[in-house]
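Read through the structure below, which is laid out as structure tokens, and then see the notes.
Protein chains in written order, with the working numbering: chain L, 17 to 545; chain W, 17 to 545.
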């Protein structure tokens with residue numbers, strides 16, 4: 017179709033071709049989960065054979081779809097412009113989520129708890145359940161509907177591995193498809209272009225490709241490091257891989273009901289804490305650290321603000337927790353607070369302590385931290401620290417503007433002036449993000465019956481905050497919320513409509529809103545200007 | 017001091033002089049409350065004599081302070097520039113609030129309920145209590161710490177009248193000092209300048225003065241109309257005036273514990289509903305309606321959006337309320353919903369029904385409406401509809417910008433393009449407003465002990481939402497919040513630190529943040545550029 021250089025006509029074959037490749041990659045990844053089903057075949061044959069069947073069928077679907085798409089898009093040419101890139105990113109996540117739901121659905125994985133009235137048989141995951149779990153995985157959220165992960169009669173190990181693998185794929189996709197292709201939305205645009213590692217200083221095609229490879233390399237390296245460190249601490253290969261995926265993608269799916277608390281090991285907790293924190297540093301800056309030039313990292317305002325928030329929030333949680341007797345002693349307080357604050361701030365969602373039982377200030381602070389996140393150019397979700405930095409500076413300048421309208425100062429970050437358009441984009445992003453969150457909150461309040469909260473010993477007045485935390489935990493990619501969807505609970509009892517809404521929020525939040533929003537703009541697809 | 021025309025040096029004598037005038041006006045207004053103490057002197061001598069003494073002393077303080085300030089500022093000359101105007105507006109509210117607290121404090125007004133353990137004597141209002149009540153009055157919030165308004169042994173009638181009079185003065189101050197002097201902050205700036213009634217089209221000094229007189233006239237006219245309508249429905253002059261003040265200033269102080277529900281009259285409720293709604297329409301547009309040229313009003317996008325929100329929210333509250341059995345029948349549902357939605361949307365805070373007992377969607381919607389408010393150029397507080405309109409349009413343009421960076425469309429409102437600076441200001445205002453609200457929420461969570469919520473049958477998990485509603489109800493000038501500070505409760509049991517924080521929020525919200533924020537900027541007071 018379009019060969020015009022200033023292409024305003026959507027290059028559909030190119031998009032189709034790209035989606036075909038994504039589909040094939042998903043299929044290949046699913047195939048890699050098959051080995052995990054084999055060793056346990058003798059012990060629990062039925063369910064693992066189901067898993068094998070489901071994975072094979074899913075691979076077949078993905079491969080057939082991929083080949084079909086490639087065929088449709090054959091002969092695609094022309095460069096990929098911003099519009100196509102946006103469409104590919106937005107549609108890739110939708111496609112991956114849909115394909116990724118197939119193994120959950122086809123394998124007959126049970127979401128019900130074995131102690132619940134559904135007893136041994138459990139309740140099969142529905143289409144919505146499977147989609148929720150898949151979106152949650154790819155978006156690095158880690159919100160789940162599966163109540164008992166540890167019963168091999170309910171959840172096949174191969175499916176459990178696929179569940180964690182979606183984190184890995186989603187995180188890789190964010191670094192390559194999103195960060196490299198779109199330059200990290202409006203956030204990092206200011207510093208990102210400047211920091212982008214590459215052979216030359218011009219923001220050319222090859223430089224972006226180069227950056228994508230480097231980012232993918234760092235991402236794989238971090239995953240490998242965590243896996244090895246966990247193996248060295250006696251964790252099985254299966255668990256080590258799954259938890260590495262959950263850590264580096266800042267996802268949060270565990271293979272245990274008690275999440276990371278299951279290991280009862282301070283060193284494992286500290287390993288995961290460290291790497292959750294590292295995954296939320298700008299990968300471009302990590303690259304310079306690997307090149308033994310850490311100066312750039314230590315001169316970066318966002319990095320220091322992020323570290324400051326982490327340290328400050330942990331101190332507050334330790335202090336308030338000790339005053340309210342949430343922890344047995346100071347050592348425990350530091351151990352659990354540091355892990356939990358890091359887990360929430362980085363939007364991972366792993367747990368070692370039931371933070372829902374903390375004092376209300378601690379709960380409130382964690383809720384707020386959900387909206388912060390890590391640095392731009394990382395696997396972190398949420399609003400990200402750089403936007404807060406720019407907002408704070410814009411506010412300070414605005415206050416001066418009020419009484420000195422004639423004085424115009426540029427906003428500076430790391431000593432460099434930030435373009436006014438970037439500042440505007442950041443503030444619009446803030447407002448949009450919060451507007452969507454509020455709208456989703458009202459919808460969730462309407463979808464969920466008050467009865468969910470007025471059950472055994474419940475209090476319907478908790479609904480408002482719990483629903484707010486549900487929105488916060490999904491749009492920010494955290495996973496667990498407060499109250500009825502808190503650290504020790506999950507989303508299984510939410511209405512299907514609510515779970516679809518929350519799935520949508522996970523995608524929106526993960527892709528920084530606009531790549532999903534444009535898909536709904538008729539003008540976006542229009543052939544003419 | 018400064019006689020330079022492009023004055024960057026602060027003209028302190030001019031500010032001092034202006035504050036002196038404000039002080040004298042407050043004194044004069046207090047003196048007007050004295051007659052209400054006299055008729056009941058024979059019945060309850062002690063407390064009313066206390067009130068008379070307190071008012072006389074307060075008048076003396078205000079007059080002395082005013083004369084002192086006038087003396088200090090004598091010989092002030094030069095025009096008032098934006099900087100001075102900001103300082104006068106910000107400091108006037110602080111001064112008025114401080115002076116306004118004196119009658120509460122000096123009269124020994126009791127905040128305790130006569131049924132409470134403090135029994136007949138009650139608990140005297142402290143300095144913080146008095147300040148809270150005074151700020152709440154001047155800012156048109158209507159949040160109170162007085163538990164029993166109806167016991168003449170606890171609260172003198174003259175003080176009760178002064179309490180409502182602060183609403184009247186605050187509302188008048190907003191229309192004259194704030195709207196006319198500052199052109200309604202960033203909000204209405206776009207449409208306001210265009211709509212400003214005045215003899216000429218140039219935005220000159222005389223035009224602003226003209227507008228101030230017109231606005232004051234409409235404001236007084238609305239107060240008189242409501243007073244007469246209430247008198248005609250059998251309300252006493254005292255109650256009619258107090259409720260008119262509460263309605264038109266969108267304040268919400270009543271003279272009864274049950275607020276407007278006390279009258280048990282549909283017609284009184286409808287009168288107040290109508291005038292709460294009218295007070296939140298842009299006064300510049302009301303002026304054209306009075307001139308029998310309502311065309312401008314009916315062509316105004318903000319007015320229609322405001323009306324739409326009012327109608328839509330009422331419908332939703334009626335619908336969800338009926339489904340959940342919150343109301344006995346449809347008539348009651350419409351009656352109470354319309355009143356309550358109007359009261360909350362307009363940030364008045366009057367009550368006829370305990371909305372805290374409604375279903376959770378209804379509660380959540382009211383919480384959201386607190387952040388909406390009425391139109392710019394009205395007595396409404398909160399963020400205001402026009403900012404939402406501009407935000408929605410900016411978001412829609414931004415979505416297009418994402419895939420079409422080269423196409424720049426101007427944002428249009430009522431067919432006129434809005435300057436990019438105004439759009440930026442509006443979005444910064446949004447972000448600032450929410451950032452301050454979140455910060456205040458975290459502070460409030462830290463100030464208030466969890467024990468407040470874990471008392472008799474309480475649930476500490478309600479704290480997060482109740483505190484959020486406390487912030488929302490004060491920064492938006494509503495008054496009652498949810499839960500422990502809900503429609504049937506008050507702020508008496510909050511910590512003094514919390515009440516000071518909330519008082520500060522009321523002032524911030526009422527003056528659209530920046531006139532208060534600049535007072536804390538050292539550069540603002542600096543003599544040099």
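For every residue, glycine included, the Cβ atom is placed at its ideal position computed from N, Cα and C.
Given the structure is predicted, the values throughout are model-derived calculations rather than measurements.
Practice problem: Mind checking which residues open and close the alpha helix (DSSP H) that includes residue 421 of chain L? | Solution: Within the first chain, numbered from 1, the residue matching residue 421 of chain L stands at position 405. Here residue 421 of chain L belongs to no alpha helix (DSSP H), and DSSP marks it neither H nor E.
Self-check item: Range of the contiguous beta strand (DSSP E) that encloses residue 496 of chain W
Solution: Counting from one through the second chain, the residue named residue 496 of chain W turns up at place 480. Residue 496 of chain W: not part of any beta strand (DSSP E); DSSP gives it neither H nor E.
Exercise. Using a Cβ cut-off of 8 Å (strictly closer), state whether residue 503 of chain W contacts chain L.
Key: On the second chain, residue 503 of chain W is found 487 positions in, with the first residue counted as 1. Judged by the 8 Å Cβ criterion, residue 503 of chain W is not in contact with chain L.
Quiz prompt | DSSP bridge partner residues for residue 429 of chain L (one or two, in chain order) | solution = Residue numbering aside, residue 429 of chain L sits at position 413 when the first chain is read from its first letter. Within the DSSP secondary-structure output, residue 429 of chain L pairs in a beta bridge with L:432.
Practice problem: Return the CA-CA distance between residue 524 of chain W and residue 152 of chain W, expressed in angstroms with no decimal places. | Solution: Reading the second chain from its first residue, position 508 is the one you call residue 524 of chain W. Reading the second chain from its first residue, position 136 is the one you call residue 152 of chain W. Their backbone Cα atoms lie some 12 Å apart in a straight line.
Exercise. Could you tell me which chain W residues have their CB closer than 8 Å to the CB of residue 340 of chain L, listed as they occur along the chain?
Key: Residue mapping note: residue 340 of chain L aligns to position 324 of the first chain, counting from 1. Chain W residues near residue 340 of chain L: 466.
Quiz item: Of all the alpha helix (DSSP H) runs that stay within the bounds of the stretch 285–364 of chain W, which reach a length of 4 or more residues?
Solution: Counting only runs of 4 or more, we get 299–306, 311–314, 317–339, 346–361.
Quiz item: Is it right to say residue 311 of chain L is buried, meaning 16 or more other beta carbons lie within 10 angstroms of its own, or is it exposed?
Solution: Stepping through the first chain from its first residue, residue 311 of chain L is reached at position 295. By the 10 Å Cβ count, residue 311 of chain L comes out exposed.
Quiz item: At a CB-CB cut-off below 7 Å, which residues of chain L make contact with residue 476 of chain W?
Solution: Within the second chain, the letter at position 460 stands for residue 476 of chain W. When 7 Å is used as the limit between beta carbons, residue 476 of chain W is near these residues of chain L: 376, in chain order.
Practice problem: May I ask you to list the residues that DSSP assigns as paired with residue 126 of chain L? | Solution: As a working note, residue 126 of chain L is residue 110 in the first chain. Per DSSP, L:140.
Quiz item: Considering only the beta carbon of each residue, do residue 461 of chain L and residue 479 of chain L sit closer than 8 Å?
Solution: Working through the first chain from its first residue, we reach residue 461 of chain L at position 445. Working through the first chain from its first residue, we reach residue 479 of chain L at position 463. It is a contact, given that the beta carbons lie within the stated cut-off.
Practice problem: Kindly list the residues whose CB is nearer than 6 Å to the CB of residue 32 of chain W, restricted to its own chain and excluding five residues on each side of it in sequence; keep chain order. | Solution: Here residue 32 of chain W is taken as the residue at index 16 of the second chain, counted from 1. Cβ neighbours of residue 32 of chain W beyond the five flanking positions: 85, 88, 89.
Quiz item: In its own chain, which residues sit with a C-beta less than 7 Å from the C-beta of residue 377 of chain W, not counting the 5 before and 5 after it?
Solution: If you number the second chain from 1, residue 377 of chain W lands on position 361. The residues 336, in chain order, have a CB closer than 7 Å to that of residue 377 of chain W in the same chain once the five nearest residues on each side in sequence are set aside.
Quiz prompt | Neighbourhood of residue 139 of chain L by C-beta, 7 Å cutoff - its chain only, sequence neighbours within 5 removed | solution = In the first chain, the residue the question calls residue 139 of chain L occupies position 123. Within its own chain, the residues whose Cβ lies closer than 7 Å to the Cβ of residue 139 of chain L, once the five positions on either side in sequence are excluded, are 126, 127, 128, listed in chain order.
Quiz item: Using a C-beta to C-beta distance shorter than 7 Å, which residues of chain L count as neighbours of residue 479 of chain W?
Solution: Residue 479 of chain W sits at position 463 when you count from the first residue of the second chain. Listed by position along chain L, the residues whose Cβ is nearer than 7 Å to that of residue 479 of chain W are 376.
Quiz item: Roughly how many whole angstroms lie between the Cα atoms of residue 338 of chain L and residue 41 of chain L?
Solution: In the first chain, the residue the question calls residue 338 of chain L occupies position 322. In the first chain, the residue the question calls residue 41 of chain L occupies position 25. Each residue's alpha carbon lies about 49 Å from the other.
Quiz item: Do residue 364 of chain W and residue 241 of chain W have their C-beta atoms within less than 8 Å of each other?
Solution: Taking the first residue of the second chain as 1, we reach residue 364 of chain W at position 348. Taking the first residue of the second chain as 1, we reach residue 241 of chain W at position 225. At least 8 Å separates the beta-carbon of residue 364 of chain W from that of residue 241 of chain W.
Quiz item: Taking three-plus beta-carbon pairs below 8 Å as touching, is the stretch 260–275 of chain W in contact with the stretch 346–365 of chain W?
Solution: Contact between the stretch 260–275 of chain W and the stretch 346–365 of chain W is present, because at least three Cβ pairs lie under 8 Å.
Self-check item: Beta-carbon proximity list for residue 299 of chain L, same chain, < 7 Å, skipping 5 on both sides
Solution: Along the first chain, read from residue 1 onward, the residue named residue 299 of chain L stands at position 283. Excluding residues within five positions, the ones whose Cβ falls inside 7 Å are 191, 231, 234, 393, 394.
Self-check item: For residue 105 of chain L and residue 420 of chain W, the rounded distance between their alpha carbons
Solution: As a working note, residue 420 of chain W is residue 404 in the second chain. As a working note, residue 105 of chain L is residue 89 in the first chain. Those two C-alpha atoms are separated by around 16 Å.
Quiz item: Of all the CB atoms in chain W, is at least one closer than 8 Å to the CB of residue 356 of chain L?
Solution: Counting from 1 along the first chain, the entry for residue 356 of chain L is found at position 340. At a cut-off of 8 Å, the C-beta of residue 356 of chain L has no neighbouring C-beta in chain W.
Quiz prompt | Helix, strand or coil at residue 477 of chain L according to DSSP, with G and I counted as helix | solution = By 1-based counting over the first chain, the position of residue 477 of chain L is 461. If DSSP states are grouped into helix, strand and coil, residue 477 of chain L belongs with the helices.
Quiz item: Whose Cβ in chain W lies nearer than 9 Å to the Cβ of residue 457 of chain L?
Solution: Counting from 1 along the first chain, the entry for residue 457 of chain L is found at position 441. Neighbours of residue 457 of chain L on chain W, chain order: 380, 384.
Quiz item: Does the beta-carbon of residue 424 of chain L have 16 or more other beta-carbons within 10 angstroms, so that it is buried, or is it exposed?
Solution: Position 408 of the first chain holds residue 424 of chain L. Result: exposed.
Quiz item: With a Cβ-Cβ cutoff of 8 Å, do residue 487 of chain W and residue 535 of chain W count as a contact?
Solution: For the purposes of this step, residue 487 of chain W is taken as residue 471 along the second chain, with counting starting at 1. For the purposes of this step, residue 535 of chain W is taken as residue 519 along the second chain, with counting starting at 1. By the CB criterion at 8 Å, residue 487 of chain W and residue 535 of chain W fall outside the cutoff.
Quiz item: Do residue 181 of chain L and residue 50 of chain L have their C-beta atoms closer together than 8 Å?
Solution: Here the question's residue 181 of chain L lines up with position 165 in the first chain. Here the question's residue 50 of chain L lines up with position 34 in the first chain. Remark: C-beta atoms of residue 181 of chain L and residue 50 of chain L do not approach each other more closely than 8 Å.
Quiz prompt | Minimum Cβ-Cβ distance from residue 409 of chain L to chain W less than 8 Å | solution = Taking the first residue of the first chain as position 1, residue 409 of chain L is located at position 393. Answer no: the Cβ-Cβ gap between residue 409 of chain L and chain W never drops below 8 Å.
Quiz prompt | Other residues of its chain near residue 119 of chain W: CB distance less than 7 Å, five sequence neighbours each side excluded | solution = As a working note, residue 119 of chain W is residue 103 in the second chain. By the criterion of a C-beta distance shorter than 7 Å, residue 119 of chain W is surrounded in its chain by 46, 70, 71, 74, 175, 178, once the five residues flanking it on both sides are discounted.
Quiz item: Who are the Cβ neighbours of residue 57 of chain W in its own chain at under 6 Å, not counting the five residues just before and after it?
Solution: On the second chain, position 41 is the one that residue 57 of chain W refers to. Only weak support is given to the placement of residue 57 of chain W: the predicted model assigns it a pLDDT of 49, under 50, and the value that follows is read from those uncertain coordinates. Same-chain partners within the cutoff: 64.
Practice problem: Tell me whether residue 218 of chain W is buried or exposed, calling it buried when 16 or more other Cβ atoms sit within 10 Å of its Cβ. | Solution: Residue mapping note: residue 218 of chain W aligns to position 202 of the second chain, counting from 1. Note that residue 218 of chain W scores a pLDDT of 45, beneath 50, so its modelled location is shaky; the value from the coordinates is reported in the next line. Counting the other CB atoms within 10 Å of its CB gives residue 218 of chain W a total below 16, which places it among the exposed residues.
Quiz item: Taking 8 Å as the CB-CB cut-off, is residue 450 of chain L touching chain W?
Solution: In the first chain, counting from the first residue as 1, residue 450 of chain L sits at position 434. Judged by the 8 Å Cβ criterion, residue 450 of chain L is in contact with chain W.
Quiz item: Which residue from W:341, W:397, W:406, W:356 puts its Cα closest to that of residue 375 of chain W?
Solution: Along the second chain, read from residue 1 onward, the residue named residue 375 of chain W stands at position 359. Answer by Cα proximity: W:341.
Quiz item: Are at least three pairs of beta-carbons, each pair with one atom in the stretch 152–161 of chain L and one in the stretch 489–509 of chain L, less than 8 Å apart?
Solution: Yes, the stretch 152–161 of chain L touches the stretch 489–509 of chain L.
Practice problem: Starting from residue 416 of chain W, find everything on chain L with Cβ-Cβ shorter than 9 Å and list it in chain order. | Solution: Along the second chain, read from residue 1 onward, the residue named residue 416 of chain W stands at position 400. Here the neighbours are 534, 537, 539, 540.
Quiz prompt | Residue burial classification, residue 210 of chain W (beta-carbon count within 10 angstroms, cutoff 16) | solution = Along the second chain, read from residue 1 onward, the residue named residue 210 of chain W stands at position 194. With a pLDDT of 49 at residue 210 of chain W, under the threshold of 50, the modelled position of this residue cannot be trusted, and the question is left open.
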